[in-house]
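The opening residue of the sequence shown carries number 0 in numbering that gives the first Met the number 0; numbering runs sequentially from there.
Note that CB positions come from ideal geometry on N, CA and C, so glycine has one too.
All values reported here derive from a predicted model rather than from experimental measurement.
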Amino acid sequence: MLGHLVIRNAVHRPIRTAITILAVAIEVTLVIIVVGLTSGLILDTAKRTEGVGADIMVQPPSASVFMAFSGAPMPISIANKLAQLEYVQAVAPVLVQFNSVNGLDLVYGIQPDSFRQVSGGFIFNAGRDLEDPDDILIDDVYARARKAHVGQTLHVLEHDFRVAGIVEHGKGARLFVLMSTLQEMSGARDKASIFFVKCDRSDHTAAAIDEINQLLPRYEIRPLKDYMSQITSSSLPGLNIFINVMIGIAVGIGFLVTFLSMYTTIIERTREIGVLKSLGASKGYIVEIILSETGVLCLGGVAVGIGLSYLMRIGLLKLFPALSILITLKWICLAGMIALAGGLMGACYPAWLASRKDPVEALAYE
């Protein structure tokens, strides 16, 4: 009986039902996409950093695990000292700059020979390696996103570069230039942001870290195999706050729309509620009807929201191929629970109001 009433009430007012479901769907989509974008960005950054092939990453004291937030305060001469350590096979100094021209990208300034020794070298899809000061390498994802090709001029860091080659993605950054060029452009002569260290054997990583700690006390020495666990949303200043604010906005949308929808429903059904109460329906039964209908609408909104999230992901990746949007079962479930909780909270007052109506007054309501 209860289920029949709930379904009939939802179907009887299709426009109101559709608007409520759409509002909940927007709430779910907002949560899933915002978290998916941030999680995808973090995971993609971590994977590409690990893809360099180094065993250890050396950064200056108090440097952020996110390289875009680190400067270039280390003398490049440190590379020679690191290379002389017993368990070190190769060292690749890298200067990192954050490019905000025509997009947001990390640019690696590299020494091709040392970077090749650590990473094993690039796999070229087209073109050649860095040779001239104005050369730039781009990965295949960046090339596809920008529709770039070998020989094209790219304006990066307020400088015109010529695309020398297109390489497979996964070697740290998406853009690579000669370190000497980037040092001149950024005023960081003989400086580096990071040193990627390759050990002679992977099981010597711990011993190499001990050596580096003795050589460079207070510096940030990070084993790359643990980098995935180190780079989280809490590592990026303000990111958790941003995510929580967006979730709060989404919950607010769901709460207000559900509240308005169910409050309007109570006004429209005053006589129906009076009939039910005159037939012996208890306050708890009336509340159960309202909350059950809200639950059905929220579940419908969650299902639509999940579908919209995947459609939006497809659309965003088609427009911006360089994006990484990670949709996980964990956040699908959390988004659904958040939407359901927000909707039920929004329906609590209308349900209480309906249960308090006097049956005689309700039957006389016009």
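Count Cβ pairs between the segment 101–121 and the segment 198–215 that sit closer than 8 Å; are there 3 or more? no
With respect to the alpha helix (DSSP H) encompassing residue 139, which residues constitute its N-terminal and C-terminal limits? Residue mapping note: residue 139 aligns to position 140 of the sequence shown, counting from 1. 139–145 is the extent of the alpha helix (DSSP H) around residue 139.
In three-state DSSP terms, what is residue 316? For the purposes of this step, residue 316 is identified with residue 317 of the sequence shown, where counting begins at 1. Here residue 316 sits in helix by DSSP.
Would you decide whether residue 243 is buried or exposed? Buried here means 16 or more other CB atoms lie within 10 Å of its CB. Within the sequence shown, the letter at position 244 stands for residue 243. Residue 243 is exposed by the Cβ-count criterion.
Tell me, please, whether the segment 202–209 touches the segment 42–59 by the rule of three or more beta-carbon pairs shorter than 8 Å. yes
Are three or more beta carbon pairs between the segment 154–172 and the segment 82–89 nearer than 8 Å? no
Tell me where the beta strand (DSSP E) around residue 152 begins and ends. Within the sequence shown, the letter at position 153 stands for residue 152. Counting along the chain, the beta strand (DSSP E) containing residue 152 begins and ends at 152–155.
Anyone know if the C-beta pair for residue 23 and residue 247 falls short of 8 Å? Within the sequence shown, the letter at position 24 stands for residue 23. Within the sequence shown, the letter at position 248 stands for residue 247. Not closer than 8 Å, so no.
Just to confirm, are residue 301 and residue 34 a CB contact at a threshold of 8 Å? For the purposes of this step, residue 301 is identified with residue 302 of the sequence shown, where counting begins at 1. For the purposes of this step, residue 34 is identified with residue 35 of the sequence shown, where counting begins at 1. No, Cβ-Cβ distance for residue 301 and residue 34 is not below 8 Å.
Mapping the DSSP letters down to three states, classify residue 166 as helix, strand or coil. Along the sequence shown, one-based indexing puts residue 166 at 167. Strand.
Local conformation of residue 136 per DSSP, three classes: On the sequence shown, residue 136 is found 137 positions in, with the first residue counted as 1. Residue 136: strand per DSSP, three-state reduction.
Starting from residue 392, trace the beta strand (DSSP E) both ways and give me its first and last residue. The question about residue 392 has no answer here: the residues shown for the chain are numbered 0 through 365.
Assuming residue 191 and residue 25 are in contact, meaning their beta carbons sit under 8 Å apart, how far apart are those beta carbons, in whole angstroms? Locating residue 191 in the sequence shown gives position 192, where the first residue counts as 1. Locating residue 25 in the sequence shown gives position 26, where the first residue counts as 1. That pair is no contact at about 46 Å.
Determine the contact status of residue 147 and residue 153, defining contact as a CB-CB distance below 8 Å. Start at 1 with the first residue of the sequence shown, and residue 147 comes out as number 148. Start at 1 with the first residue of the sequence shown, and residue 153 comes out as number 154. Yes, Cβ-Cβ distance for residue 147 and residue 153 is below 8 Å.
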